[in-house]
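Asks: Sharing a structure here in structure tokens format.
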Amino acid sequence: MDDTGRRAEIVDAAARLFERGGIEAITMRAVAQEAGVSLRLVQYYGSSKDELLVAVLEQHSSTSLRRWKARLSRRSAERSLPDVLRTFLRTALPTDSASRALHRVGTSIELLAITDGGAVAAAYERHLDELADVLSGALTSAEPQLDAEHARQLALEAMAMAHGMGTLLLLHRLGRQQAEESIDRFAQNAALSDEHGPRQTDKSPRPLTS
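In this text, residue positions in the sequence shown follow this note's numbering: the first is 1, and each later residue adds one.
As structure tokens, then:
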């Protein structure tokens, strides 16, 4: 196995540990045991726990972004703005084992980024920026009249909604039907209207009235 394949195997092992037990489950020795390799080999590909965590985050980000791009790029030009938002938010709902695991990993990484900062925070911020770029691009493809600033704002609002609803679903404080209804309301309210984008102020002189 070449270096790329061996590194991927070790990162996969770290990701599985992280998914099952959170950050506390990741130690160099535990990763070596999970991957079925020597501790020395793990240390060769990741000199510290933080380096392994960043690699897990980058893998998580790459998987997540590929998923969003695939879903949002399907005939995006033929979709309306509400359709794009519904697709994004419904795909984000943790409703099966795979999506629940993805949300748990994302939430754990988010907390780590907030509390510890450093390289993990920087990697997570890059992930959020890239996801916002993907979603805002899909929104402007669906509604070309939408200006870039407003598309970015809508993307960030949808991301915030996805994070919150996913956690409430996992904690059984929100049902799937309630989540779907919230998504429909959000998407419909976000539909392009006269209020979208900066208003153009009419500065032409008004006729004097007596």
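All C-beta atoms in this analysis are idealised placements derived from N, C-alpha and C, irrespective of residue type, glycine included.
Quick test of your reading: Leu-81 and Ala-190, contact by CB under 8 Å. State the CB separation rounded to the nearest angstrom.
Replies: Indeed, because the Cβ distance is near 7 Å, the residues count as touching under 8 Å.
Asks: Could you tell me which uninterrupted alpha helix (DSSP H) segments, each at least 4 residues in length, are contained entirely in the segment 44-120, listed from first to last along the chain?
Replies: Counting whole runs of 4 or more residues, the segment 44-120 contains the alpha helix (DSSP H) stretches 49-73, 81-92 and 97-116.
Asks: Among Ala-70, Ser-38, Trp-68 and Ile-23, which residue has its Cα nearest to the Cα of Val-54?
Replies: Measuring from the Cα of Val-54, the nearest candidate turns out to be Ile-23.
Asks: Could you tell me the alpha carbon to alpha carbon distance between Leu-156 and Ile-183, rounded to whole angstroms?
Replies: Computed Cα separation, rounded: 15 Å.
Asks: First and last residue of the alpha helix (DSSP H) that includes Ser-182?
Replies: It spans 176-189 - the alpha helix (DSSP H) in which Ser-182 sits, taken as one unbroken run.
Asks: Give the secondary structure of His-172 by DSSP, where H, G and I count as helix, E and B as strand, and everything else as coil.
Replies: In the structure shown, His-172 sits in coil (DSSP, three-state: anything other than H, G, I, E or B).
Asks: Less than 8 Å between C-beta atoms, sequence neighbours within five positions excluded: which residues of the same chain meet that for Ala-15?
Replies: Closer than 8 Å at the Cβ level, and outside the excluded window around Ala-15, lie Val-56, Gln-59, His-60 and Val-105.
Asks: Just the C-alpha distance for Leu-41 and Arg-6, rounded to the nearest angstrom, thanks.
Replies: Going by the C-alpha atoms only, they are around 9 Å apart.
Asks: On the DSSP letters alone, give me the boundaries of the alpha helix (DSSP H) that Val-37 sits inside.
Replies: Looking at the DSSP string, Val-37 is not in any alpha helix (DSSP H), and its letter there is neither H nor E.
Asks: Which residues in the same chain have their Cβ closer than 8 Å to the Cβ of Val-120, if we skip the five residues on either side of it in sequence?
Replies: Answer for Val-120: Asp-50, Leu-53, Val-54, Leu-57, Ile-109, Leu-112 and Ala-113, listed in chain order.
Asks: On the three-state DSSP scale, how would you describe Leu-146?
Replies: In the structure shown, Leu-146 sits in coil (DSSP, three-state: anything other than H, G, I, E or B).
Asks: For Asp-96, which option in Asp-2, Phe-186 and Arg-176 has the closest C-alpha, if you only look at C-alpha atoms?
Replies: With distances taken between Cα atoms, Asp-96 lies closest to Arg-176.
Asks: Among Glu-130, Val-31, Thr-27 and Leu-135, which has the Cα closest to the Cα of Ser-62?
Replies: Of the candidates Glu-130, Val-31, Thr-27 and Leu-135, the one whose C-alpha sits nearest the C-alpha of Ser-62 is Glu-130.
Asks: Answer yes or no: do Leu-72 and Leu-135 have a C-beta to C-beta separation smaller than 8 Å?
Replies: In contact: Leu-72 and Leu-135 (Cβ atoms closer than 8 Å).
Asks: Mark Thr-87 as exposed unless 16 or more other C-beta atoms lie within 10 angstroms of its C-beta, in which case mark it buried.
Replies: With 16 or more Cβ atoms within 10 Å of its Cβ, Thr-87 is classed as buried.
Asks: May I have the straight-line CA-CA distance separating Ser-133 from Arg-152, to the nearest angstrom?
Replies: First, the amino acid is wrong: residue 133 is Asp here, not Ser. Computed Cα separation, rounded: 7 Å.
Asks: Short of 7 Å in beta carbon distance, which residues of its chain neighbour Gly-166, apart from the five on each side in sequence? Order them along the chain.
Replies: So the qualifying residues of the chain are Ala-92, Leu-93, Pro-94 and His-103.
Asks: Can you find the residues in the same chain that come closer than 7 Å, C-beta to C-beta, to Gln-43, ignoring five residues on each side of it along the sequence?
Replies: The residues are Met-28.
Asks: Would a C-beta distance cut-off of 8 Å place Phe-186 and Met-161 closer than the cut-off?
Replies: It is a contact, given that the beta carbons lie within the stated cut-off.
Asks: Is it right to say Arg-79 is buried, meaning 16 or more other beta carbons lie within 10 angstroms of its own, or is it exposed?
Replies: Arg-79 should be labelled buried.
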